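One structure below.
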Amino acid sequence: MSHTSLFSPFASKSLELDNRIVMAPMTRNFSPGGVPDQAVVDYYRRRAESGVGLIVTEGTVIERPASKNEANIPNIYGEGLAGWAKVVEAVHAAGGKIAPQIWHTGAAFGRNPQWRPTPMDTPSGISLSDEAVGEPMTEADIADTIAAFGRAAGDAKRLGFDAIELHGAHGYLIDEFFWAHTNRRTDVWGGATIGERTRFAVEVLKAARAAVGPDFPIIIRLSQWKGGHWDNKLAADPAEMEAWLQPLVDAGANILHASQRRFWEPEFEGSDLNFAGWAKKVTGVPTITVGSVGLNGEFIAAFGGAASEPQSLDELLRRLDRGDFDLVAVGRAILNDPEWVAKVRDSRHDDLKAFSPAAFATLY
Numbered sequence: 045m046s047h048t049s050l051f052s053p054f055a056s057k058s059l060e061l062d063n064r065i066v067m068a069p070m071t072r073n074f075s076p077g078g079v080p081d082q083a084v085v086d087y088y089r090r091r092a093e094s095g096v097g098l099i100v101t102e103g104t105v106i107e108r109p110a111s112k113n114e115a116n117i118p119n120i121y122g123e124g125l126a127g128w129a130k131v132v133e134a135v136h137a138a139g140g141k142i143a144p145q146i147w148h149t150g151a152a153f154g155r156n157p158q159w160r161p162t163p164m165d166t167p168s169g170i171s172l173s174d175e176a177v178g179e180p181m182t183e184a185d186i187a188d189t190i191a192a193f194g195r196a197a198g199d200a201k202r203l204g205f206d207a208i209e210l211h212g213a214h215g216y217l218i219d220e221f222f223w224a225h226t227n228r229r230t231d232v233w234g235g236a237t238i239g240e241r242t243r244f245a246v247e248v249l250k251a252a253r254a255a256v257g258p259d260f261p262i263i264i265r266l267s268q269w270k271g272g273h274w275d276n277k278l279a280a281d282p283a284e285m286e287a288w289l290q291p292l293v294d295a296g297a298n299i300l301h302a303s304q305r306r307f308w309e310p311e312f313e314g315s316d317l318n319f320a321g322w323a324k325k326v327t328g329v330p331t332i333t334v335g336s337v338g339l340n341g342e343f344i345a346a347f348g349g350a351a352s353e354p355q356s357l358d359e360l361l362r363r364l365d366r367g368d369f370d371l372v373a374v375g376r377a378i379l380n381d382p383e384w385v386a387k388v389r390d391s392r393h394d395d396l397k398a399f400s401p402a403a404f405a406t407l408y
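Under the working numbering, think of the first position of the sequence shown as 45, with each following residue one higher.
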């Protein structure tokens, strides 16, 4: 099948891309003290040189005492800003475009049980696994966190990033406000419906929009599933999905990054549309699909040590050509092989590499 649509241009606000391929955000935990160093600069530069349309960085955390769950996750405040400035400069010099994924990990635990922030920022003082992790966030905590997201967005634009992505998926802080299991508040930050529970995300988006102005693109990453809760559904049907997503668009989101583990799986019965397809259908805004693109195994198995082989892009291209979504995020295939985009563009399919979990342990 022709790759023409995958390598066609795309534009949103001030963002102009040469192709539809997005490097998916992937936590690397290789920034000592929260500051991206030369190894991080080189890591992103290599992907830009290969022709990635838009690089979305690993999650980089806002200025809150408990915003990260691993020590070497990069910061997007303080000394971390100088490190990111070098990354942006290198990516632009290589002809690429880049957006930071702005993040707060909330009560999602990291892989090192010996390293855990205390106290944690959470809507209701409980983790995804129902563990008590302190007191619920106060009004002052919430206001400070929203302001910190806004500052991070403004700093990202000042550093020369081409867009921003807010991490509202996978059971991290913004997502914890969406989910009734972790948001049991009875004030204005909670609610019985998903529409009511969007308020925190809406205020974060408004703060980000105020900081970057009207023409700078804002992406928000979203998911139905949470870590350890793979079959969770925030929206059980299209109407509920619209109630969840439309307020985010109204608050300033230009692109919805619809995260699922396998992009080909339908979101609701009666249609083969995936999450990104439905998100676009109910809101009308551009969407990014993601989930095991280019590989025959999904990422949870990869964290368990499973390898994956290259997989045909025909089904992905069929959906892209149909207009289900606008952009395609590729994670492990690009992590494993910085030249993946160039190989696909040049039809060098025999040169595509199998994915090895050993790639998680290196930064290249």
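Each residue gets a CB set at the ideal place from its N, CA and C atoms; glycine is no exception.
All of these numbers come straight from a predicted model, not from anything done at the bench.
Buried/exposed call for residue i, threshold 16 Cβ in 10 Å
i    : result
T333 : buried
Y216 : buried
S168 : buried
W159 : exposed
Y88  : buried
E60  : exposed
A236 : exposed
E359 : exposed
G97  : buried
A137 : exposed
E353 : exposed
E179 : exposed
G77  : exposed
R64  : buried
Among the options, nearest to residue i - alpha-carbon criterion
i    : options                   : result
G139 : S94, H148, V232 and M181  : S94
V177 : F222, D358, A279 and A152 : A152
N380 : R108, L339 and T230       : L339
S56  : R265, L371, A403 and S391 : L371
A197 : K130, L210, I186 and D185 : L210
A184 : L396, W233 and V66        : W233
V337 : V66, T48 and S49          : V66
F205 : A187, I146, I186 and P180 : I146
P144 : I262, D86 and A254        : I262
A405 : V131, F74 and R362        : F74
G367 : E342, K387, G321 and E311 : G321
L266 : D231, A252 and R305       : R305
R243 : V293, D281 and G77        : V293
V85  : A187, S111 and V132       : V132
Cutoff 6 angstroms; reference residue i; Cβ partners in own chain excluding five residues on either side
i    : result
P382 : R90, R91 and S94
K201 : V256 and F260
E123 : V79
I218 : G212 and A245
W269 : N276
A279 : M285 and W288
Separation of residue j from residue i, as counted between CA atoms
i    : j    : result
V79  : T162 : 21 angstroms
W128 : Q82  : 10 angstroms
V256 : D394 : 43 angstroms
A295 : G335 : 26 angstroms
E309 : G154 : 28 angstroms
I208 : T331 : 14 angstroms
L172 : E220 : 8 angstroms
T189 : E247 : 10 angstroms
M164 : P109 : 8 angstroms
N318 : A302 : 9 angstroms
A297 : K250 : 9 angstroms
W223 : G194 : 22 angstroms
E175 : R228 : 14 angstroms
A398 : W384 : 11 angstroms
L300 : P258 : 17 angstroms
T166 : H273 : 18 angstroms
A192 : E284 : 29 angstroms
T48  : H148 : 37 angstroms
L364 : G314 : 20 angstroms
A402 : Y408 : 12 angstroms
D316 : Q290 : 22 angstroms
F54  : F369 : 12 angstroms
L396 : F307 : 20 angstroms
L50  : R392 : 15 angstroms
Beta-ladder partner(s) of residue i, from DSSP
i    : result
W147 : V105
V374 : M67
N119 : V105
T331 : L300
L339 : P354
A176 : I170
S400 : In DSSP, S400 forms no bridge with anything.
F54  : L61
Proximity test, residue i beta-carbon vs the ligand FAD heavy atom, cut-off 7 angstroms
i    : result
A197 : The ligand FAD is not among the ligands present in this structure, which contains no ligands whatsoever.
Cutoff 8 angstroms; reference residue i; Cβ partners in own chain excluding five residues on either side
i    : result
A68  : V100, V334, A373, V374, G375 and I378
D71  : Correcting the residue type first, residue 71 is Thr in the shown sequence and not Asp. Hits under 8 angstroms: E102, G103, E114 and I117.
D199 : I120, Y121 and L125
Own chain partners of residue i with C-beta closer than 7 angstroms, once the 5 adjacent residues on each side are dropped
i    : result
V135 : Y88, R89, A92, I99 and I142
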